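Here is the structure we will look at.
Residue numbers (this note's numbering): 488 to 940.
As structure tokens, then:
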């Protein structure tokens with residue numbers, strides 16, 4: 488049992504205004520320890536899954552705690568179902584866990600959409616099913632020997648000096664603790680790191696993060712009759728000018744799917760909201776669905792092929808592109824992209840473009856690398872300051888706003904996650920803090936495990 492003691496004085500502001508009513512909250516309570524491990528990973532998205540799988544493959548005891556009832560992160564709950572391409576000469580740069588995940592998904596496909604042989608070269612831009620993505624992630628976790636605990640939401644940490652001694656969770660059973668020697672933050676938002684007292688940056692120079700998007704799919708589409716992208720965008724501009732649709736985005740972003748009559752839309756744009764503010768998230772969900780209704784009416788009325796379109800699925804969680812970025816031992820900037828910088832302790836190769844959706848309105852900035860170049864993520868960017876037994880295994884690493892727009896997508900996040908998992912396992916075996924590891928040795932061990940380094 489842990490004696491959990493907390494004095495909380497609640498002073499929260501929204502858009503700079505202090506709420507009129509606050510409360511003082513004090514709790515002193517013994518809570519059960521429901522699991523102990525060498526490595527605890529918090530968050531079951533692509534990064535957290537990759538961290539847990541890689542750590543477990545090194546022979547250490549791993550627990551993964553996830554707030555929802557399944558793994559998946561934005562792939563499952565955000566309905567982000569094409570992978571953004573991170574490849575060199577047509578081959579993915581993210582191995583081995585990302586490729587293993589894709590192979591598992593391929594095994595679930597029916598014969599109509601299943602290639603005869605799994606081909607790693609077709610992974611860039613792969614169309615996926617959110618439910619199959621979830622099943623495949625769980626397969627990898629269980630096969631690696633990870634103890635998976637669902638329906639447990641992180642609420643606090645207990646620290647001993649600069650180390651986390653326990654992570655505190657809330658579930659239907661009440662409060663509980665999970666203890667580990669090393670911890671990996673796979674929350675996407677740096678929740679564990681912030682609770683542990685780590686510093687972070689947030690948004691651009693104006694304090695705004697990239698916009699959120701509520702993804703959705705429409706079925707019953709006659710794809711053969713659809714106009715090309717330019718044609719759809721022309722109709723979209725006309726509908727916006729007529730006041731039929733209200734959305735800050737400059738065009739319609741859509742993708743084909745595994746189903747012939749289903750089109751995926753990543754096109755709503757919710758600006759000036761924080762992905763780590765509960766009320767903003769609530770407002771964003773409502774605004775995203777308002778925009779969805781506008782798009783549904785617009786498409787049915789004006790776009791050939793969509794006359795009989797129906798709602799196929801809607802994301803269960805608004806998509807978050809950016810929130811906190813935890814300050815680490817190395818802080819990487821967009822200069823690393825423009826110079827294609829490599830690191831002796833590089834743990835991930837990234838070629839995905841700078842991809843900044845305007846945080847305040849219309850427009851998207853895209854900058855690409857030369858076709859033969861990539862930049863690398865330093866292992867030290869995964870090591871937060873102010874907490875000696877924590878690694879970042881998600882998009883919330885120590886990078887600036889612009890570079891984050893490149894590294895945030897799922898394939899490189901899998902590489903970031905597996906590096907955090909490898910580092911955590913090595914720290915357990917060496918009985919040292921992650922900061923005490925030789926990052927070049929982490930890179931070497933990742934390469935031996937199948938990483939493209």
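The C-beta atom is built at its ideal place from N, Cα and C for all residues, glycine as well. Given the structure is predicted, the values throughout are model-derived calculations rather than measurements.
- Query: Can you tell which of 665, 633, 605 has the C-alpha that lies nearest to the C-alpha of residue 645?
  - Reply: On the chain shown, position 158 is the one that residue 645 refers to. Taking only the C-alpha atoms, the option nearest residue 645 is 665.
- Message: For a quick check, are the C-beta atoms of residue 945 and residue 619 less than 7 angstroms apart?
- Response: Examination of residue 945 is not possible in this model, given that the chain is present from 488 through 940 alone.
- Query: Between the stretch 528 to 538 and the stretch 888 to 895, are three or more C-beta pairs nearer than 8 angstroms?
  - Reply: no
- Query: Quick one, which of 849, 827, 836, 902 has its alpha-carbon nearest residue 733's?
  - Reply: Stepping through the chain shown from its first residue, residue 733 is reached at position 246. The candidate whose alpha carbon is nearest that of residue 733 is 849.
- Item | Three CB pairs or more closer than 8 angstroms across the stretch 573 to 591 and the stretch 810 to 823 | no
- CA nearest to the CA of residue 928, picked from 861, 865, 900: By one-based count along the chain shown, residue 928 stands at place 441. Selected option, being the one with the closest Cα: 865.
- Does the Cβ-Cβ distance between residue 566 and residue 696 come in under 7 angstroms? The count along the chain shown starts at 1 and reaches residue 566 at position 79. The count along the chain shown starts at 1 and reaches residue 696 at position 209. No, the pair does not count as a contact, with Cβ atoms beyond the cut-off.
- Item | Complete runs of the alpha helix (DSSP H) confined to the stretch 860 to 939 [at least 4 residues] | 888 to 894, 897 to 917, 926 to 935
- Message: Suppose the cutoff is 6 angstroms on Cβ atoms and the five residues either side in sequence are ignored; what does the same chain contact list for residue 844 look like?
- Response: Against the chain shown, residue 844 aligns to sequence position 357. Within the same chain, residue 844 has close Cβ partners 697, 698, 851.
- Task: Inspect the CB distances between the stretch 909 to 919 and the stretch 854 to 863 and report whether three or more fall short of 8 angstroms.
- Result: no
- Message: Rounding to the nearest angstrom, what Cα-Cα distance links residue 872 and residue 676 in this structure?
- Response: Here residue 872 refers to the residue found at position 385 of the chain shown. Here residue 676 refers to the residue found at position 189 of the chain shown. In a straight line, the C-alpha of residue 872 is about 16 angstroms away from that of residue 676.
- Query: Going by other Cβ atoms of all chains shown within 10 Å of its Cβ, with 16 needed for buried, is residue 617 buried or exposed?
  - Reply: Numbered from its first residue, the chain shown carries residue 617 at position 130. Classification of residue 617: buried, given that the 10 Å Cβ count is 16 or more.
- Task: Label residue 668 either buried or exposed according to how many other C-beta atoms from any shown protein chain fall within 10 Å of its C-beta, with 16 as the threshold for buried.
- Result: Numbered from 1 along the chain shown, position 181 holds the residue referred to as residue 668. Label assigned to residue 668: buried.
- Which ranges does the beta strand (DSSP E) cover as unbroken runs of at least 3 residues, wholly within the stretch 780 to 849, from first to last along the chain? 797 to 801, 811 to 813, 833 to 837, 841 to 844
- Task: Could you tell me the distance, in whole angstroms, from the CA atom of residue 794 to the CA atom of residue 770?
- Result: Position 307 of the chain shown, counted from the first residue, corresponds to residue 794. Position 283 of the chain shown, counted from the first residue, corresponds to residue 770. Their backbone Cα atoms lie some 30 angstroms apart in a straight line.
- Task: Go through its chain and collect everything with a Cβ distance to residue 590's Cβ below 6 angstroms, but skip five positions before and after it.
- Result: For the purposes of this step, residue 590 is taken as the residue at position 103 of the chain shown. Closer than 6 angstroms at the Cβ level, and outside the excluded window around residue 590, lie 605.
- Give the single residue among 553, 546, 520, 523 whose Cα lies nearest to the Cα of residue 533. Numbered from its first residue, the chain shown carries residue 533 at position 46. Ranking the options by Cα distance to residue 533, first place goes to 553.
- Message: According to DSSP, simplified to helix, strand and coil, what is residue 595?
- Response: Here residue 595 is taken as the residue at index 108 of the chain shown, counted from 1. Note: residue 595 maps to helix in three-state DSSP.
- Message: Quick check: the stretch 779 to 796 against the stretch 704 to 724, are at least 3 beta-carbon pairs closer than 8 angstroms?
- Response: yes
- Paired residues, beta bridge with residue 666 - DSSP: Reading the chain shown from its first residue, position 179 is the one you call residue 666. In the DSSP output, where bridge partners are listed per residue, residue 666 has 523.
- Query: In angstroms, rounded to a whole number, what distance separates the CA positions of residue 924 and residue 760?
  - Reply: Within the chain shown, residue 924 is the residue found at index 437, counting from 1. Within the chain shown, residue 760 is the residue found at index 273, counting from 1. Straight-line Cα distance between these residues: approximately 38 angstroms.
- Query: Considering only residues of the same chain and omitting the five flanking positions on each side of residue 582, which have a CB-CB separation below 6 angstroms?
  - Reply: Mapped onto the chain shown, residue 582 falls at position 95. Correct list, in chain order: 937, 938, 939.
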